[in-house]
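**Q**
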Amino acid sequence: MLKPKHIRFRALEKVKVRPRSLVQICLQRVAENFLQYDNLHTKLGRKQLEDVYAMLDLDMPLPEAAVRINDENYWKRRTQAKHPNAQVEKHGMSWKQTYLELELQEALERVPITVEYGNPELEMLKQQVMASRLYIYQLHITQFPSHLDLSFIFDALPALCTFSITYGNKRLGMDYERAMFGMKISDAQYLARDIRVSQTLVSLSLPCNMIDDELVKVLMGGLSYGHMLTHLDLSHNKIGDRGARRLASLLDSDYCLQALDLSDNQIHANGCMHLGAHLAENITCQVLNLRLNRCEDNGVSHLFQDMCVNKHLQTLNIACNDLTVRCLPYLNAMLAENGALAELDISANPLHQEEEEAAAGATTESPPEAPLDQDDPLAGLQVNGQLAVFARCVVKSPTLLRVDLRNCGLPLDLAERVGTAVKHRELVAKGIPVEAYEKARQAAAAAELAAEEELAEGEEEEGGEEKAEEKPEEEKPEEEKPEKPAGEVEEEKKEGE
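Residues 1 to 497 in full-length UniProt numbering are what the sequence shown lists, from first letter to last.
Next comes the structure, spelled out in structure tokens:
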């Protein structure tokens, strides 16, 4: 049987770009009229569907695209075109979820200050929420100028787990008004109702909302029902002792709060005492942040006493709380008895020695460049008083992996020795050889020092060349002009007149 011969078209052999096939033309036609076709996944093959999605327009209306398109490559192209800095790792590793969450966040941030129900913009926003409802897991609203009831958001999103909102406008310019910032009582009432109704919310963040004790009282109407809440962030507000006392009830055994952030508020000793009293019997909280408050020695001392009983808190931040050397005995007792704390931040607290203890001999003396002993990191340091006990407790603590002692007024040698010992313990916990780390650190320090020396030498050479160029040239004596005869001078005067 004769085999069929392939017909050669010599004209096509010279063409660099071959014409599209009939199938490609048909797929292009389908892509141009994509919204007119239904159930394409049952009519086209997998490869043909991918080709159609690759030809689709990126400006397709979002409600239709969210319902009809599930191709990740299409949503990746659309996300990178609209949000080039988007990080898919923060959105469940799904490009579709990334795009829909970012678009909804931007739409909420663009809501005008005054919105009436029935407004076309509000109706379009509700349509967008309904179209993307199954793919919204987190919302981070950095500015919300309106005081609209967000119940339509919580009611329509069945999988919303993380919610963060800041009321106000970030860019006002000369149109600044105090009333445009912060959460109002009506906002707190709406939000309390939404928290009480939600069955999936596990993380709530309300930073920079000017929340005071009265607003905390209103919010507790919803937070008290948030038995699924694991992370609560109320940082950068105006919460005082009364608000802290109410929030401390969230550390009871009926709740499962794992992280509580109350940094940059107005909590004093009384509020810190109540937090510590509830923390003593808590078994779920792992992170407590009280940075930039006014707890002082009295409140923090009670907190340390209660932490001697607590065996579950892993991270404690009490930086910048006006702590002095008086709280060190309670801190030392806590470090000796607590077997769970892994991170401690007590930076920016004046823990320097008082005049009385300094006179009693609570000082540190060390020879220059004393070598660090792995078994006894404080060898060679003559430390007395509560500082000695504190340093020993930190160095001997088996669980403490990170400690921040910056701006505490401690002697430099003592702070460096303690920090190095804790760093070595962290390396051992991670399985990193300490000797290799020290060699790499020393090599990096030597390279940095050599680079600085080369830079200094280069600057000196450039400075010498500039000085040589800037030497003043010898001033040449001015040539004396010959004097004109008296007759010519008189003639010039007459001409001038």
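Ideal placement from N, C-alpha and C gives every residue a C-beta, glycine not left out.
What is the rounded straight-line gap between the Cα of T79 and the Cα of L157?
**A** So the alpha carbons of these two residues sit roughly 21 Å apart.
**Q** In whole angstroms, what is the alpha-carbon distance linking A188 and H147?
**A** Going from the Cα of A188 to the Cα of H147 covers about 10 Å.
**Q** Quick one: what's got a C-beta closer than 8 Å to Y117's C-beta in the same chain, skipping five residues either side?
**A** Answer for Y117: no residue qualifies.
**Q** Taking only three categories from DSSP, how would you classify residue 534?
**A** Residue 534 is absent from the model: the chain starts at 1 and stops at 497.
**Q** Go ahead and pull the three-state DSSP assignment for I195.
**A** DSSP places I195 in helix when its eight states are reduced to three.
**Q** Closer than 8 Å is the cut-off here; do at least three beta carbon pairs connect the stretch 171-189 with the stretch 201-215?
**A** Output reads yes: the stretch 201-215 touches the stretch 171-189.
**Q** Do you know how far the Cα of N317 is from the Cα of V395?
**A** Approximately 19 Å, taken between the alpha carbons.
**Q** Distance, Cα to Cα, K170 vs R110?
**A** Their backbone Cα atoms lie some 12 Å apart in a straight line.
**Q** Under DSSP, the beta strand (DSSP E) around F144 begins and ends at which residues?
**A** Element bounds for F144: Q138 to F144.
**Q** Based on the DSSP secondary-structure assignment, which residues constitute the bridge partners of E343?
**A** Per DSSP, T315 and R402.
**Q** For L102, which residues in the same chain have their Cβ closer than 7 Å to its Cβ, ignoring the five residues on either side in sequence?
**A** Answer for L102: H83 and A86, listed in chain order.
**Q** Using alpha carbons as the reference points, say which of Y37, N39 and M55 lies closest to Q24.
**A** It is M55.
**Q** Count the other C-beta atoms from every protein chain shown that fall within 10 angstroms of the C-beta of T98, then say buried if there are 16 or more, exposed otherwise.
**A** With 16 or more other Cβ atoms within 10 Å, it is buried.
**Q** Look at the alpha carbon of residue 498 and the alpha carbon of P63, and state the distance between them as a whole number of angstroms.
**A** Outside the shown range of the chain (1 to 497) lies residue 498, about which nothing can therefore be said.
**Q** Might you give, ordered along the chain, the residues of its own chain that have their beta carbon closer than 7 Å to the beta carbon of P329, omitting 5 neighbours on each side?
**A** Cβ within range, chain order: Q386.
**Q** On the DSSP bridge list, what partners appear for F163?
**A** Its beta-bridge partners are L139 and L204.
**Q** If you compare alpha carbons, which of Y176, L150 and D175 is closest to G197?
**A** It should be noted that the sequence gives Val, not Gly, for residue 197. For the residues Y176, L150 and D175, the minimum Cα distance to V197 belongs to L150.
**Q** Please give me, in chain order, every unbroken run of the alpha helix (DSSP H) with length at least 4 that falls completely inside the stretch 44-75.
**A** Correct list: 46-55 and 62-68.
**Q** Pull up the CB-CB distance for Q66 and S132, whole angstroms please, since I reckon it's below 8 Å.
**A** The question names Gln, but residue 66 in the sequence shown is Ala. Indeed they touch by this definition, with Cβ atoms about 5 Å apart.
**Q** Using a Cβ-Cβ cut-off of 8 Å, state whether G431 counts as contacting chain D.
**A** Of the protein chains in the structure, only one exists, and it is not chain D.
**Q** Under three-state DSSP, which class holds A259?
**A** Three-state result, A259: strand.
**Q** Helix, strand or coil, according to DSSP, for G276 in the structure here?
**A** Helix at G276.
**Q** Which term fits T166, buried or exposed, when burial requires 16 or more other beta carbons within 10 angstroms of its beta carbon?
**A** T166 comes out buried.
**Q** In whole angstroms, give me the CA-to-CA distance for S186 and K217.
**A** Looking at the two C-alpha atoms, the distance is approximately 13 Å.
**Q** Could you check which residue in Y255, H278 and R294 has the C-alpha nearest to that of I239?
**A** Checking every option, the nearest Cα to that of I239 belongs to R294.
**Q** Out of E337, N384 and E448, point me to the one whose CA is closest to G398's CA.
**A** What sits at residue 398 in the sequence shown is Pro, not Gly. Ranking the options by Cα distance to P398, first place goes to E337.
**Q** Going by beta carbon distance, what residues of the same chain come within less than 8 Å of E354, once the five residues before and after it are set aside?
**A** Its pLDDT being 49, under 50, E354 is placed unreliably by the model, and nothing is read from it.
**Q** Per the contact definition of three or more C-beta pairs closer than 8 Å, is the stretch 430-438 in contact with the stretch 448-467?
**A** Flag = no, the stretch 448-467 and the stretch 430-438 do not touch.
**Q** Do the stretch 87-95 and the stretch 27-45 touch if we need at least three Cβ pairs shorter than 8 Å?
**A** The answer is no - the stretch 27-45 does not touch the stretch 87-95, with fewer than three Cβ pairs under 8 Å.
**Q** Give the secondary structure of Q382 by DSSP, where H, G and I count as helix, E and B as strand, and everything else as coil.
**A** The answer is strand: DSSP assigns Q382 an E or B state.
**Q** With a threshold of 16 other CB atoms inside 10 Å of the CB of G409, please say whether the residue is buried or exposed.
**A** The residue is exposed, with fewer than 16 neighbouring Cβ atoms inside 10 Å.
**Q** Helix or strand or just coil, what does DSSP make of V111?
**A** DSSP places V111 in coil when its eight states are reduced to three.
**Q** DSSP on D233, reduced to helix/strand/coil?
**A** Strand, per DSSP.
**Q** Looking only at C-alpha atoms, which of T114, L160 and I113 sits nearest to L134?
**A** The shortest Cα separation from L134 among T114, L160 and I113 belongs to L160.
**Q** Under the rule that 16 or more other beta-carbon atoms within 10 Å means buried, what is Y176, buried or exposed?
**A** Y176 is exposed by the Cβ-count criterion.
**Q** For a test of the three-state rule: what should DSSP assign to G271, helix, strand or coil?
**A** G271: helix per DSSP, three-state reduction.
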